[in-house]
Structures are given as structure tokens and as C-alpha cells.
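**Q** Protein chains in written order, with this note's numbering: chain A, 1 to 208; chain B, 1 to 183.
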Amino acid sequence: MRKKAPPRQTMQAENSQALPQPLSLKQFVLRLIICLPLAFIAWHFLADAIAWALSYPVDFVRSQFMNRTVVRVEVNAGMLIFPVRADAYSFGGKAVELLLEVDPRLYTYGAPVFAALMIAAGAKIRFLLLGLFFLLPFQAWGVFFDLLKQLAFPTVEGIPKNLGLEGLPREFIALGYQFGVLILPMLAPVVIAATFARERVRHLLRLD
Amino acid sequence: MIRFLLTFIVLVTVLFAAELTAPVQQYFVLPWTEMLTKAAASLLQWADPTVISRGKVLATAQGTFAISVEAGCNGIEALIILIAAMLAFPSPWRHKIWGMLFGAFAVQALNLVRVISLFYIGQWSMPVFHWMHLYAWQALIMLDVLFVWILWIRAMPKKPQSLESAIADGDAKESAAAPNHAG
Numbered sequence: 001m002r003k004k005a006p007p008r009q010t011m012q013a014e015n016s017q018a019l020p021q022p023l024s025l026k027q028f029v030l031r032l033i034i035c036l037p038l039a040f041i042a043w044h045f046l047a048d049a050i051a052w053a054l055s056y057p058v059d060f061v062r063s064q065f066m067n068r069t070v071v072r073v074e075v076n077a078g079m080l081i082f083p084v085r086a087d088a089y090s091f092g093g094k095a096v097e098l099l100l101e102v103d104p105r106l107y108t109y110g111a112p113v114f115a116a117l118m119i120a121a122g123a124k125i126r127f128l129l130l131g132l133f134f135l136l137p138f139q140a141w142g143v144f145f146d147l148l149k150q151l152a153f154p155t156v157e158g159i160p161k162n163l164g165l166e167g168l169p170r171e172f173i174a175l176g177y178q179f180g181v182l183i184l185p186m187l188a189p190v191v192i193a194a195t196f197a198r199e200r201v202r203h204l205l206r207l208d
Numbered sequence: 001m002i003r004f005l006l007t008f009i010v011l012v013t014v015l016f017a018a019e020l021t022a023p024v025q026q027y028f029v030l031p032w033t034e035m036l037t038k039a040a041a042s043l044l045q046w047a048d049p050t051v052i053s054r055g056k057v058l059a060t061a062q063g064t065f066a067i068s069v070e071a072g073c074n075g076i077e078a079l080i081i082l083i084a085a086m087l088a089f090p091s092p093w094r095h096k097i098w099g100m101l102f103g104a105f106a107v108q109a110l111n112l113v114r115v116i117s118l119f120y121i122g123q124w125s126m127p128v129f130h131w132m133h134l135y136a137w138q139a140l141i142m143l144d145v146l147f148v149w150i151l152w153i154r155a156m157p158k159k160p161q162s163l164e165s166a167i168a169d170g171d172a173k174e175s176a177a178a179p180n181h182a183g
């Protein structure tokens with residue numbers, strides 16, 4: 001037995017409930033002005049938790065590419081610490097570990113921007129959380145290239161010399177680092193927010 | 001959407017790699033940064049005539065405080081993102097060119113505010129300076145880029161209606177206005 005199709009008006013009402021309510025640019029900007037400082041305050045106080053979350057993808061990349069040189073990833077006071085096996089000869093024959101530090105906030109300040117954009121756009125909480133998760137690889141890129149930069153362009157004596165980071169790899173590291181610090185933290189949150197809140201963006205751009 | 005995103009990403013990467021080359025740094029980035037520093041100094045001198053600029057360094061005449069405008073603080077990366085977004089989005093060339101000129105002005109105007117504000121904040125509190133410099137102002141500049149882009153798309157001229165669609169629209173309007181005699 002075939003079910004009777006629901007009346008057309010009911011279907012239209014259901015569809016309009018599924019789509020986000022129209023939001024003017026002025027409303028969006030006002031909401032953003034309110035949300036952005038709050039998101040930044042939350043981000044500031046969650047620095048440890050964010051560094052801890054970021055340490056997982058960074059540790060995964062480290063274990064794949066630099067397992068022998070960079071021993072592990074540690075989180076301390078919101079900083080990511082990388083113990084590096086130092087050149088024993090540089091320290092009078094004693095094997096020591098050098099500790100390299102990366103400030104993850106340099107790469108995660110896009111998270112509060114993303115959160116503020118999503119909240120201002122009236123996005124659902126699950127999309128907000130999913131988006132924050134999707135930001136992690138871009139943030140890990142920045143942290144990892146920061147670490148590579150410290151290894152390829154050492155300012156501390158004793159960093160291993162034979163990492164194969166001369167020539168072209170050094171150029172690649174320089175480009176990857178610059179991209180990770182100057183472009184990705186700004187760009188990734190906006191692109192991901194625009195992807196998650198497509199309908200809102202279309203409306204704000206007057207493309208619908 | 002996917003075509004726009006791919007074009008945008010390729011353009012950002014190409015423009016950014018070009019920005020890092022030595023000739024572009026020497027003949028465009030450095031002179032631009034120095035001009036920005038000079039403009040900031042000129043504005044600051046209205047309030048404090050002792051402020052000086054030398055190259056890309058902005059300083060107090062007493063030498064008590066100085067900032068150097070470096071990569072990431074000269075607004076060029078933000079401009080690259082804006083230009084790539086405008087080039088990648090399907091629109092008339094005339095509109096793109098106007099958008100890029102207006103966008104460059106909007107981004108650099110806010111960037112001047114950033115440099116000037118950081119100059120004062122740094123003299124007041126270094127921790128606040130670092131926080132504003134490394135995190136907050138970066139986010140604000142990106143949002144500036146986003147809003148310029150949104151306004152640019154909203155200001156885009158509507159496509160001229162084709163003759164067929166205009167006739168079709170006219171017919172539809174007429175039939176809607178006419179009384180229905182079909183019973």
C-alpha cells in the first residue's frame with residue numbers, strides 16, 4: 001500500500017524549518033562583534049586544552065617522519081615541547097636532549113574566529129565542534145613546520161647536523177613555515193566556516 | 001563552489017610563493033613596508049611630533065621604544081588572500097579591478113590602525129602588545145578581508161536579463177494579472 005503524499009504546504013513548512021532563518025549582514029556583524037571577544041577569552045583560558053588536543057596530530061606526524069630525532073611531544077603551560085636528540089659530540093661526549101618549544105597559539109588563534117563566525121551565523125553546535133576538529137590539521141601544519149624551521153635553521157648549537165635538511169628541503173621548510181604562520185591560521189577558519197554555513201554565506205552574499 | 005575554492009587555493013599559493021622571492025621582496029615588499037611605516041609615523045606625528053621612522057622601524061625620538069614592521073604586519077598577505085578571492089570569483093573584470101583597489105585601501109587603512117595601536121600598546125604593556133600583535137590583530141585583519149569580499153560580491157552588478165527570459169517574465173506577470181475565466 002502506498003502512503004498518501006503530504007500536502008504541499010506542509011512540505012514547504014518543513015523545508016523552511018530545515019533551512020536557517022534569514023540573517024542580514026548587519027545582524028551577522030553585530031553578533032560577530034559580541035561573539036568574537038568572548039571566543040577569544042575562552043580560547044585564552046583553554047590554551048592548555050587546545051595545546052593538548054593539538055599535540056595528537058602533531059605527535060602522529062612526528063612519529064611518521066621524525067621519530068628518531070624528535071623523541072616525543074610534551075605539553076607544558078600551553079606550550080608544545082619537543083625533546084630533540086642532540087649531537088653528543090657537541091656536549092663533550094654526553095648524550096643530552098635539547099628542548100625545542102613551539103607556541104601553539106600562533107597557529108590556533110583562528111579557532112576563536114571560526115567559533116565566532118559559526119555562532120554569529122547561527123550554526124548548530126555539532127558543526128561548530130566538527131569545524132574545530134577540521135582545523136586541527138592546519139594548526140598541526142603550522143606547529144610542525146615551526147619545529148622543522150628550528151631544526152633546519154638552528155640558532156642553538158648541538159642540533160643534529162645530519163637530518164638531510166640542506167638544500168631544497170630547507171627551501172621547502174621555509175616556504176611551508178611561512179605559509180603555516182602567515183596564511184593558514186587566517187585562512188583556514190574562514191574557509192571552513194564558509195563551507196559549513198554555506199546557506200548562510202549564500203544569503204549574505206545575496207547569491208540565493 | 002569547488003571550482004572557486006580550487007582556483008582560490010592555487011592563486012593564494014602562487015601569489016604567496018611569488019611574494020617570498022627575492023626580487024618581489026626587494027622591489028615591492030620592502031618599499032611598501034617602508035611606505036607604510038612612514039605613513040604611520042606621519043599620522044603619529046600629529047599627536048606626538050617626536051615619533052620618527054627609519055626604514056621599516058617606527059620609534060620614539062628618545063629611543064625608549066621602537067617597533068619594526070615585518071612580514072605579516074604589512075598587510076600584504078591579507079591583500080594576497082583578498083586578491084585571490086576576487087580573481088577566483090566569477091565576476092566582470094571591471095568589478096574585480098575596482099574591488100581590488102578598494103580592498104587594498106580598506107586592508108591597508110586598517111593595517112595602519114594596527115601599526116599605530118601597537119605602537120602605543122607596546123609602550124603601555126608588552127604582554128598586551130604580544131597578545132594583540134600575534135593573535136587579535138591578525139584575526140581582525142582577516143575579518144576585514146572577509147567583509148570587504150562580502151561587500152564586493154553584494155555590490156556586483158546584476159547580469160543583464162536575456163531577451164527570452166524578459167519575455168517569459170513578462171508573460172508570467174501578464175497571466176498572473178489577468179482575471180481567470182477558465183471557471
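Cβ atoms here follow ideal geometry from the backbone N, Cα and C, with glycine treated the same way.
1) Could you tell me whether the Cβ atoms of A/Ala-42 and A/Ala-115 are closer together than 9 angstroms?
2) For the alpha helix (DSSP H) containing B/Thr-13, list its first residue and its last residue.
3) Classify A/Val-73 as helix, strand or coil using the three-state DSSP reduction.
4) Within 10 angstroms of its Cβ, does A/Arg-105 collect 16 or more other Cβ (buried), or is it exposed?
5) Rounding to the nearest angstrom, what Cα-Cα distance links A/Gly-142 and A/Val-84 in this structure?
6) State the DSSP-derived secondary structure class of A/Arg-237, mapped to helix, strand or coil.
7) Return the chain-ordered list of same chain residues with a C-beta closer than 6 angstroms to the C-beta of A/Tyr-177, the five sequence neighbours on each side being excluded.
8) Within 9 angstroms of any Cβ in chain A, is that where the Cβ of B/Met-142 sits?
9) Which residues in chain A have a C-beta closer than 7 angstroms to the C-beta of B/Leu-11? List them in chain order.
10) Provide the residue span of the beta strand (DSSP E) that contains B/Thr-60, from first to last.
11) Only counting the same chain, and skipping five residues up and downstream in sequence, which positions put a Cβ closer than 7 angstroms to that of A/Gly-110?
12) What is the rounded straight-line gap between the Cα of A/Asp-48 and the Cα of B/Asn-74?
13) Taking the CB atoms as reference points, tell me whether A/Leu-30 and A/Tyr-107 lie closer together than 9 angstroms.
14) Name the residue from B/Val-69, B/Ala-61 and B/Val-113 whose alpha carbon lies nearest to the alpha carbon of B/Thr-33.
15) For A/Arg-202, name the three-state secondary structure that DSSP assigns.
16) By a C-beta neighbour count over all protein chains shown, 10 Å radius and 16 as the cutoff for buried, is B/Arg-94 buried or exposed?
17) Which class does A/Ser-63 belong to by DSSP, given the choice of helix, strand or coil?
18) From B/Phe-102 to B/Pro-90, what does the alpha carbon distance come to, in whole angstroms?
19) What does a CB cutoff of less than 6 angstroms around A/Asp-59 pick up in its chain, not counting 5 residues either side in sequence?
20) Give me the DSSP bridge partner(s) of B/Arg-54.
21) What residue from A/Leu-36, A/Phe-40, A/Ile-34 and A/Phe-133 has the CA that sits closest to B/Trp-131's CA?
**A** In this structure, then:
1) yes
2) 2 to 19
3) coil
4) buried
5) 18 angstroms
6) Chain A is shown only over 1 to 208; residue 237 of chain A falls outside these bounds and no answer can be derived.
7) Phe-145 and Lys-149
8) yes
9) Under the 7 angstroms cutoff, chain A gives no residues; its nearest Cβ is about 12 angstroms from B/Leu-11.
10) 57 to 60
11) Leu-135, Pro-185, Met-186, Ala-188 and Pro-189
12) 30 angstroms
13) no
14) B/Val-69
15) helix
16) exposed
17) helix
18) 18 angstroms
19) Val-73
20) B/Val-57
21) A/Phe-40
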